[in-house]
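Peer 1: Sharing a structure below in structure tokens format, with a few things to ask.
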Amino acid sequence: DTGVSQDPRHKITKRGQNVTFRCDPISEHNRLYWYRQTLGQGPEFLTYFQNEAQLEKSRLLSDRFSAERPKGSFSTLEIQRTEQGDSAMYLCASSLGDRVTDTQYFGPGTRLTVL
Amino acid sequence: TQLLEQSPQFLSIQEGENLTVYCNSSSVFSSLQWYRQEPGEGPVLLVTVVTGGEVKKLKRLTFQFGDARKDSSLHITAAQPGDTGLYLCAGVKSSGGYQKVTFGTGTKLQVIP
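Just so you know, the protein sequences line up as chains H and Z, in that order.
Sequential numbering from 1 applies to the first sequence in this note's numbering.
Sequential numbering from 1001 applies to the second sequence in this note's numbering.
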């Protein structure tokens, strides 16, 4: 399977703990995106990378959130001092960077539960 | 913040019935996409409509982009249990050299056998 993969698929943590999620995009895709989705709602944009450069961050991405893509391939999203309001599905997507369509392909997500 | 409102929010119908989902916004988009998402999975792109007034058909699904490129509809004919899922519309705009996707509020569809 050469689609977008995310790890772990599920994470349960206690309030105040730090968590880190990983996303492996489709291999030839140079753009990578993180979204957050709460139950029954549409995904909300968090941040976007072009290769290793983080080019846009949403206001939703508080100081406790940090994302990296060190070699322009996989990406990590870290949440420090988790709060119950951080409970959500965290989705990663990647795209080729084609000027015309630039379709984003989504991974299966990491479901975070903060107790 | 761009906001795409979908209606209805929830829909439970019998197999064989027809349905329409609406996606409305006050913003103009360069294109509009529809996704379907199943529990525990990421959204999967169904279609992209680009031109105002455009109609696209995908088997029993018909997608239409409004003339002003602010709204869209998804019509499903003779719904089947396999159509069950969360349907998301998403507006696309060019932003800083990439296509920024803003998702709608979602419509949860349940098709009962």
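Here a beta-carbon is modelled for each residue, glycine too, at the ideal position from N, C-alpha and C.
Just so it is clear, the structure is predicted and the values come from calculations on it, not from any experiment.
Along the region 27-46 of chain H, where does the CB come closer than 9 Å to a CB of chain Z? Name the residues.
Peer 2: Arg31, Tyr33, Tyr35, Gln37, Gly40, Gln41, Gly42, Pro43, Glu44 and Phe45
Peer 1: Take the Cβ of Ser1072 (chain Z) as the centre, count every other Cβ of all protein chains shown within 10 Å, and call the residue buried at 16 or more, exposed below.
Peer 2: buried
Peer 1: Would you say Gly85 (chain H) reaches chain Z, if we count a Cβ-Cβ gap shorter than 8 Å as a contact?
Peer 2: no
Peer 1: Closer than 8 Å is the cut-off here; do at least three beta carbon pairs connect the region 1028-1046 of chain Z with the region 1089-1097 of chain Z?
Peer 2: Pairwise C-beta distances place the region 1028-1046 of chain Z in contact with the region 1089-1097 of chain Z, as three or more of them are shorter than 8 Å.
Peer 1: For Phe106 (chain H) and chain Z, any beta-carbon pair shorter than 8 Å?
Peer 2: yes
Peer 1: Could you check how far apart the C-beta atoms of Asn1018 (chain Z) and Ile1112 (chain Z) are, in whole angstroms? I think they sit under 8 Å.
Peer 2: Wrong, their Cβ atoms sit about 15 Å apart, outside the cutoff.
Peer 1: Could you pull out every residue in the same chain whose Cβ sits closer than 6 Å to the Cβ of Gly72 (chain H), ignoring the five residues on either side in sequence?
Peer 2: Asn51 and Glu52
Peer 1: Taking just the CA atoms, how far does His10 (chain H) sit from Gly85 (chain H)?
Peer 2: 16 Å
Peer 1: Which residue's Cα is closest to the Cα of Thr82 (chain H): H:Val114, H:Arg36, H:Pro25 and H:Glu44?
Peer 2: H:Val114
Peer 1: Look up Ser1094 (chain Z) in the DSSP assignment and give the residues it is bridged to.
Peer 2: Z:Gln1099
Peer 1: Residues in its own chain within less than 7 Å of Arg1060 (chain Z) by CB, not counting five upstream and five downstream?
Peer 2: Ile1076, Thr1077 and Ala1078
Peer 1: Would you say Gly1088 (chain Z) reaches chain H, if we count a Cβ-Cβ gap shorter than 8 Å as a contact?
Peer 2: A small fix is needed here, since residue 1088 (chain Z) is Leu in this sequence, not Gly. Yes, Leu1088 (chain Z) counts as interfacial toward chain H.
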